[in-house]
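Participant: So the protein lines, in turn, are chains A and B.
Note that the first sequence covers residues 6 to 100 in my numbering.
Note that the second sequence covers residues 3 to 488 in my numbering.
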Amino acid sequence: MSLSADDVRKMARLSRLLISDADAAATLNALNNTLALVERMAAVDTRGVEPMAHAQDVALRLRPDAVTEADAREALMANAPAAERGLFLVPKVIE
Amino acid sequence: MSRPNGWEVVIGLETHVQLSTVSKIFSGASTAFGAEPNRQACAVDMALPGVLPVMNEGAVDRAIAFGLAIGAHVAPRSVFARKNYFYPDLPKGYQISQFEIPVVQGGTITIQVGEGDKAYAKQVELTRAHLEEDAGKSLHEDFHGMSGIDLNRAGTPLLEIVTEPVMTSSAEAVAYARALHALVMWIGICDGNMQEGSFRCDANVSVRRPGEPLGTRREIKNLNSFRFLQQAIDYEIRWQIEQIEDGHTIQQATVLFDPDTGETRMMRSKEDAHDYRYFPDPDLPPLVIEPARIERVKASLPELPAAMQARFAADFGLSAYDAAQLTSSLETARYFEAVVAAAGPAQAKPAANWVMGEVAARLNREEKSIAASPVSSAQLAGVLARVADNTISNTIARKVFEALWNGEGESADAIIEAQGLKQVTDASAIEPIIDEVLAANPQSVAEFKAGKEKAFNALVGQVMKASRGKASPAQVNELLKKKLGA
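Shown next as structure tokens:
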């Protein structure tokens with residue numbers, strides 16, 4: 006399996022990455038090399054093997070349901086590029 | 003099954019139920035509603051660099067409670083995944099959700115559709131329910147061309163509950179949504195507040211000719227009232243049928259319902275559909291649920307509505323419809339049970355009629371919950387007891403109830419005594435009234451003698467009126483018949 010230039014442009018758009026045509030060509034090449042490696046792994050027979058969801062064989066740790074975080078709005082928003090009335094301000098996006 | 007002009011409707015619902023934990027699903031920030039913007043958003047909710055999510059066991063226990071309540075499989079091991087999309091109120095650039103292995107799998111909810119003779123029961127199969135975090139809120143007005151972002155809601159725990167496409171009308175969809183709403187409040191996992199967004203439905207709607215494969219569906223997003231759910235689905239069904247009958251094909255799309263126009267409009271087409279690129283979240287190992295935890299949650303569950311309905315039907319001889327009405331909320335069921343406990347099982351049917359009738363109507367009119375009813379279950383039981391022993395008629399009982407509601411007395415007995423409402427059963431007191439009524443209504447008497455049954459009822463009514471409702475209707479009937487030689 007190999008990707009097309011269109012696939013790269015689509016992935017860039019989904020990831021909100023601005024990518025030049027020259028970079029797109031280099032990225033296409035790098036991704037296709039990676040896919041070639043994946044294809045070699047795909048040749049391994051994995052029937053009966055449970056898909057792995059996490060690299061470590063551990064269970065999720067749970068915490069009690071309790072409020073432990075106090076309001077720290079001013080500190081947390083101190084480096085926001087734009088804020089007003091306690092809100093982050095961002096370029097308008099309406100879906 | 004509704005088949006408008008030979009069309010079959012297929013509906014599946016996805017409901018976002020906000021879980022009633024005090025803290026967020028992956029952080030220790032508060033979930034309380036109505037705080038000032040960003041006062042309940044901590045570093046984790048804002049996705050500041052270096053933070054890690056830690057799972058709230060309160061959210062896990064609520065998901066388990068739901069799974070048990072619908073007879074689903076509670077997965078001993080489920081997996082959290084990243085759902086990737088860009089939007090300013092999702093600061094991480096992904097939502098933590100569950101994809102391939104959800105925590106709750108399968109299950110059914112039984113719904114009662116319609117009323118009276120046309121009522122029927124239906125089993126709605128569920129596909130799954132999974133845990134996920136809510137996003138923040140975008141405010142698009144008043145910020146000189148920019149959008150304001152409030153992340154207080156970001157990280158609020160949600161259970162997304164998904165049905166199979168098994169509903170065939172808006173009535174069934176609404177009955178399911180109501181049953182689900184009642185159930186999540188019953189088991190105490192959600193406050194059910196639809197105005198505050200604690201319970202939101204998405205409806206997948208398609209139409210087809212009977213026997214054909216499923217039609218292309220359109221998804222109506224974010225319906226936060228039962229009325230909107232009904233209106234949006236009805237509009238969507240009409241629109242899809244018209245499109246197809248006019249020779250168009252339905253394109254898969256996501257639509258929004260506009261309550262002002264009563265119409266649905268396209269939000270995005272399939273071409274613009276999100277490609278979420280799900281993958282397991284490396285920050286979160288699998289959620290492992292031990293049998294002991296399931297047992298602990300099971301022990302904390304109240305008797306479930308379906309079990310209570312069956313018990314009401316078996317113990318009190320109530321109809322399925324009555325039993326379903328009485329278990330519309332845990333408070334209603336407990337009130338009804340308290341009335342029956344005080345008045346005796348023989349009074350179950352009248353108690354049911356009162357709770358579903360007079361009590362429900364008054365509460366509705368004054369927008370009160372049954373927990374805040376001015377007439378307590380003990381007081382209502384007192385009214386029923388006096389009807390049962392013929393101290394008062396049903397008409398007077400309503401008067402007594404009204405007086406109790408308005409706080410005119412402590413008990414039915416006190417009000418009957420104070421207002422002189424005791425039923426008159428002494429024939430010597432009723433007979434003179436009957437004589438007067440007969441003398442004053444010779445025409446009715448003549449009509450009755452000519453064979454008109456209705457004239458008799460009119461005379462009974464006159465006697466009851468003249469006695470100011472205090473005569474026993476059964477006794478009036480009997481005495482009147484005797485006087486008229488019937």
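Beta carbons are placed, not taken as given, at the ideal position from N, Cα and C, and that holds for glycine.
For chain A, check one thing: does any of its Cβ atoms lie closer than 9 Å to the Cβ of ALA31 (chain B)?
Facilitator: Yes, contact with chain A.
Participant: Looking at chain A, which residues of the segment 32-53 of chain B have a Cβ within less than 9 Å of any of its Cβ atoms?
Facilitator: Going along the segment 32-53 of chain B in chain order, one finds SER32, THR33, ALA34, ALA37, GLU38, PRO39, ASN40, ARG41, GLN42, ALA43, CYS44, ALA45, VAL46, ASP47, MET48, LEU50 with a Cβ nearer than 9 Å to chain A.
Participant: Looking only at its own chain, which residues have a Cβ that is under 6 Å from the Cβ of HIS18 (chain B), when we skip the five neighbours before and after it?
Facilitator: Contacts found: LEU160, GLU162, ARG202.
Participant: Quick one: which chain B residues come within Cβ less than 8 Å of GLU44 (chain A)?
Facilitator: What GLU44 (chain A) touches in chain B: nothing, since even the nearest Cβ is about 19 Å away.
Participant: Within the continuous beta strand (DSSP E) that includes VAL98 (chain A), where are the two ends?
Facilitator: Segment: none, VAL98 (chain A) is in no beta strand (DSSP E) and carries neither H nor E.
Participant: Rounded to whole angstroms, what's the CA-CA distance from GLU339 (chain B) to GLY116 (chain B)? Just pull it up for me.
Facilitator: About 25 Å.
Participant: Quick one: any contact between the segment 88-97 of chain B and the segment 139-151 of chain B, if contact means 3 or more CB pairs under 8 Å?
Facilitator: Yes: at least three Cβ pairs fall under 8 Å.
Participant: With three or more C-beta pairs closer than 8 Å as the rule, is the segment 31-43 of chain A touching the segment 82-99 of chain A?
Facilitator: No: the two stretches stay apart, fewer than three of their Cβ pairs being nearer than 8 Å.
Participant: If contact is defined by three or more beta carbon pairs under 8 Å, each pair taking one atom from either stretch, is the segment 252-259 of chain B in contact with the segment 13-33 of chain B?
Facilitator: With the cut-off at 8 Å, the segment 13-33 of chain B and the segment 252-259 of chain B do not touch.
Participant: Between the alpha carbons of GLY52 (chain B) and SER321 (chain B), how many angstroms are there, rounded?
Facilitator: If I take the Cα positions, the gap works out to 59 Å.
Participant: Three or more C-beta pairs under 8 Å: does that hold for the segment 179-190 of chain B against the segment 32-49 of chain B?
Facilitator: Cβ pair count under 8 Å is below three, so no.
Participant: For ARG364 (chain B), collect the residues of the same chain with a Cβ closer than 7 Å to its Cβ; drop the 5 residues on either side in sequence, then sort them by chain order.
Facilitator: So the list reads TRP407, once near-sequence residues are dropped.
Participant: Are the beta-carbon atoms of LEU133 (chain B) and VAL164 (chain B) separated by less than 9 Å?
Facilitator: Result no, Cβ atoms of LEU133 (chain B) and VAL164 (chain B) do not sit closer than 9 Å.
Participant: Report all residues from its chain with a CB closer than 7 Å to the CB of GLY264 (chain B); omit the five preceding and five following residues, and keep chain order.
Facilitator: Closer than 7 Å at the Cβ level, and outside the excluded window around GLY264 (chain B), lie GLN233, TYR237.
Participant: Compute the beta-carbon to beta-carbon distance between TRP303 (chain B) and VAL341 (chain B), rounded to the nearest angstrom, for a pair I have assumed lies under 8 Å.
Facilitator: Position check: residue 303 (chain B) holds Leu in this sequence, whereas Trp was assumed. No, LEU303 (chain B) and VAL341 (chain B) are not in contact; Cβ-Cβ is about 24 Å, not under 8 Å.
Participant: Since ILE235 (chain B) is in the alpha helix (DSSP H), which residue starts that stretch and which ends it?
Facilitator: Looking at the DSSP string, the run of the alpha helix (DSSP H) that includes ILE235 (chain B) is 228-247.
Participant: Are the Cβ atoms of GLY30 (chain B) and GLU79 (chain A) separated by less than 9 Å?
Facilitator: Cβ atoms of GLY30 (chain B) and GLU79 (chain A): not closer than 9 Å.
Participant: Short of 7 Å Cβ to Cβ, which residues in the segment 135-152 of chain B face chain A?
Facilitator: Cβ contacts with chain A: LEU141, HIS142, PHE145, GLY147, MET148, SER149, GLY150, ILE151, ASP152.
Participant: In whole angstroms, give me the CA-to-CA distance for TYR337 (chain B) and GLN464 (chain B).
Facilitator: The straight-line gap from Cα to Cα measures roughly 37 Å.
Participant: Listing by chain order, which chain A residues have their CB less than 7 Å from the CB of GLY60 (chain B)?
Facilitator: Per Cβ cutoff of 7 Å: ASP70.
Participant: I'd like to check one pair, PRO288 (chain B) with ILE103 (chain B): are the Cβ atoms closer than 9 Å?
Facilitator: In this structure, PRO288 (chain B) lies closer than 9 Å to ILE103 (chain B) by Cβ.
Participant: Just mark VAL49 (chain A) as buried or exposed, buried being the case when its beta carbon has 16 or more other beta carbons within 10 Å.
Facilitator: Result: exposed.
Participant: DSSP three-state label for SER260 (chain B), please.
Facilitator: For the record, residue 260 (chain B) in the displayed sequence is Asp; it is not Ser. Three-state DSSP puts ASP260 (chain B) in a strand.
Participant: Please give the ranges of any alpha helix (DSSP H) in the segment 392-474 of chain B, keeping only runs that are unbroken, at least 4 residues long and fully inside the region.
Facilitator: As far as the segment 392-474 of chain B is concerned, its whole alpha helix (DSSP H) runs of at least 4 residues are 396-407, 414-421, 429-442, 444-451, 455-468.
Participant: Where does the unbroken alpha helix (DSSP H) through ARG279 (chain B) begin, and where does it stop?
Facilitator: Segment: none, ARG279 (chain B) is in no alpha helix (DSSP H) and carries neither H nor E.
Participant: So the candidates are B:GLY69, B:GLN253, B:PHE450, B:LEU153; which of them puts its Cα closest to the Cα of ASP136 (chain B)?
Facilitator: Answer by Cα proximity: B:LEU153.
Participant: Near THR266 (chain B), what residues of its chain come up, given a Cβ to Cβ distance below 8 Å and the 5 sequence neighbours on each side ignored?
Facilitator: Excluding residues within five positions, the ones whose Cβ falls inside 8 Å are ARG220, ILE222, ALA234, TYR237, GLU238, TRP241, VAL257, LEU258, PHE259, ASP260.
Participant: Can you tell me the Cα-Cα spacing of ASP283 (chain B) and VAL63 (chain A), whole angstroms?
Facilitator: The straight-line gap from Cα to Cα measures roughly 14 Å.
Participant: Per DSSP, what kind of secondary structure is MET3 (chain B) in: helix, strand or coil?
Facilitator: Only weak support is given to the placement of MET3 (chain B): the predicted model assigns it a pLDDT of 44, under 50, and the value that follows is read from those uncertain coordinates. Reduced to three states, the DSSP call for MET3 (chain B) is coil.
Participant: Beta-carbon within less than 8 Å of TYR178 (chain B)'s beta-carbon, same chain only, minus the 5 sequence neighbours each way: which residues are those?
Facilitator: Correct list, in chain order: LEU15, ILE111, ILE113, VAL126, THR165, MET169.
Participant: When the Cα of TYR87 (chain B) is compared with those of B:GLN327, B:ALA123, B:SER99, B:THR427, which residue comes out closest?
Facilitator: Closest by alpha carbon: B:SER99.
Participant: Would you mind telling me which residues of chain B sit closer than 8 Å to GLY91 (chain A), beta carbon to beta carbon, in chain order?
Facilitator: GLU38, PRO39, ASN40, ARG41, ASP152, listed in chain order.
Participant: Could you work out which residues of chain B lie near LEU22 (chain A), taking near to mean beta carbons separated by less than 9 Å?
Facilitator: Simply none; closest approach about 11 Å.
Participant: In the segment 63-87 of chain A, which residues sit with their C-beta less than 9 Å from some C-beta in chain B, listed in chain order?
Facilitator: Cβ contacts with chain B: VAL63, ALA64, LEU65, ARG66, LEU67, ARG68, PRO69, ASP70, ALA71, VAL72, THR73, GLU74, ALA75, ASP76, ALA77, ARG78, LEU81, MET82, ALA87.
Participant: Under the assumption that ILE436 (chain B) contacts LEU482 (chain B) (Cβ atoms under 8 Å), give the Cβ distance between them as a whole number of angstroms.
Facilitator: Indeed they touch by this definition, with Cβ atoms about 6 Å apart.
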